[in-house]
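*Asks:* I'd like to ask some things about the structure below.
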Amino acid sequence: MIDPPLLLVTDRKQAVEPLADILAAAFAAGCRWASLREKDLSVPEHVALARSLMPLAHRWNARLTVHGGVDIAVAAGTDGVHLAAGGDVTGARTALGQDALVGISIHSIAEARSLDPTVVDYAIAGPVFETASKPRYGPALGSDGIRAIAGAARVPVIAIGGINPERVAEIIAAGAAGIAVMGSVMRARDPGAEVRALLATLREATGA
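Every position in the sequence shown, counted from 1, becomes a number in my numbering once 2 is added.
Below, the structure written as structure tokens:
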């Protein structure tokens with residue numbers, strides 16, 4: 003797992019500042035992992051955006067991955083890829099190599115049990131709570147749902163969906179290895195302050 007176990011997922015449509023500025027503020031606040039989730043972009047546009055942000059991430063010793071196709075990750079030279087549920091994780095690992103981060107979204111215990119830790123580094127499960135960012139992605143799992151999925155998985159499970167600093171301890175206690183956030187940081191007038199608050203509660207919850 004990336005330390006600290008906080009993944010910032012991007013969404014330009016929710017962002018109130020330029021994406022580069024939000025990422026810079028998040029990295030300066032201590033975030034060390036971001037993933038581009040910009041599904042409206044064409045492959046060339048996605049590649050160009052990732053390439054433009056890679057130097058910023060690496061300046062802070064952070065990892066930059068991409069939510070999308072392996073072709074984007076390969077062309078942009080990102081630090082890894084996050085696949086949609088049912089994605090070809092074996093193909094991603096073969097294409098990107100052993101040093102890359104390869105993750106996948108899951109929504110059920112069955113999907114969690116099927117994950118091969120020799121191929122997959124982590125899984126994202128959610129939405130944990132109702133969220134404005136992804137209102138049509140099924141019912142909220144709640145902490146009990148995360149507990150069941152994390153207990154079935156042989157890889158670290160990262161919780162996403164409606165997470166704020168007040169909910170971090172509950173999620174970590176349920177077995178999540180980390181958290182992922184999107185809208186709360188994208189929409190924040192002070193994204194650095196939002197990240198610092200999340201990291202403070204993460205440290206407290208994990209004893210780090």
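C-beta atoms are modelled at their ideal positions from N, C-alpha and C, and glycine is treated no differently.
Nearest-angstrom Cα distance between glycine 209 and proline 46?
*Replies:* The alpha-carbon atoms of glycine 209 and proline 46 are separated by roughly 42 Å.
*Asks:* Pop quiz: isoleucine 108 and alanine 125 are said to be a contact at Cβ under 8 Å. What is the actual Cβ separation, rounded to whole angstroms?
*Replies:* About 5 Å separates the two Cβ atoms, so the contact holds.
*Asks:* Specify the secondary structure class of arginine 65 as computed by DSSP and reduced to three states.
*Replies:* Arginine 65: strand per DSSP, three-state reduction.
*Asks:* Where does isoleucine 111 sit, in a helix, a strand or coil, going by DSSP?
*Replies:* Three-state result, isoleucine 111: helix.
*Asks:* Closer than 7 Å: is that where the CB of alanine 150 sits relative to any heavy atom of the ligand MG?
*Replies:* The ligand MG is absent from the structure shown, which contains no ligand whatsoever.
*Asks:* Rounded to whole angstroms, what's the CA-CA distance from aspartate 42 to cysteine 33? Just pull it up for me.
*Replies:* So the alpha carbons of these two residues sit roughly 25 Å apart.
*Asks:* Using a threshold of 8 Å, state whether the C-beta atoms of valine 157 and leucine 117 are closer than that.
*Replies:* Yes, they are a contact pair.
*Asks:* List the whole-angstrom C-beta distance separating proline 129 from isoleucine 162, where the pair is believed to meet the contact cut-off of C-beta under 8 Å.
*Replies:* With 8 Å as the limit, proline 129 and isoleucine 162 qualify as a contact, their Cβ atoms being about 7 Å apart.
*Asks:* Classify serine 54: buried if its beta carbon has 16 or more other beta carbons within 10 angstroms, exposed otherwise.
*Replies:* Classification of serine 54: exposed, given that the 10 Å Cβ count is below 16.
*Asks:* Look at the alpha carbon of glycine 177 and the alpha carbon of alanine 150, and state the distance between them as a whole number of angstroms.
*Replies:* Glycine 177 and alanine 150: Cα-Cα distance of roughly 9 Å.
*Asks:* With distances taken from CA atoms, which of Ala36, Trp62, Asn63 is nearest glutamate 52?
*Replies:* Correcting the residue type first, residue 52 is alanine in the shown sequence and not glutamate. Selected option, being the one with the closest Cα: Ala36.
*Asks:* May I have the straight-line CA-CA distance separating alanine 232 from aspartate 146, to the nearest angstrom?
*Replies:* With the chain running from 3 to 210 in the structure shown, residue 232 is simply not present.
*Asks:* From the DSSP output, read off the bridge partner residues of isoleucine 165.
*Replies:* According to DSSP, isoleucine 165 bridges with nothing at all.
*Asks:* Secondary structure at alanine 190, three-state DSSP: helix, strand or coil?
*Replies:* Coil.
*Asks:* Determine the closest residue to alanine 171 out of Ala31, Arg205, Leu10, with distance taken between C-alpha atoms.
*Replies:* If we check each option's Cα against that of alanine 171, Arg205 comes out closest.
*Asks:* In three-state DSSP terms, what is leucine 103?
*Replies:* Strand at leucine 103.
*Asks:* Just to confirm my understanding: we take alanine 22, look at its own chain, exclude 5 residues before and 5 after, and list those with CB closer than 8 Å. What are they?
*Replies:* These residues qualify, in order along the chain: Ser54, Leu55, Leu58.
*Asks:* Suppose the cutoff is 6 Å on Cβ atoms and the five residues either side in sequence are ignored; what does the same chain contact list for leucine 143 look like?
*Replies:* Within the same chain, leucine 143 has close Cβ partners Val130.
*Asks:* Between the Cα of methionine 14 and the Cα atoms of Arg39, Thr80, Thr92, Arg115, which residue gives the shortest distance?
*Replies:* This sequence places arginine at residue 14; methionine is not what is there. Closest by alpha carbon: Arg39.
*Asks:* What residue range is occupied by the uninterrupted beta strand (DSSP E) comprising valine 170?
*Replies:* It is not in any beta strand (DSSP E) - valine 170 instead sits in the alpha helix (DSSP H) that spans 170-175.
*Asks:* What does a CB cutoff of less than 8 Å around arginine 198 pick up in its chain, not counting 5 residues either side in sequence?
*Replies:* Excluding sequence neighbours, arginine 198 sits near Ala31, Gly32.
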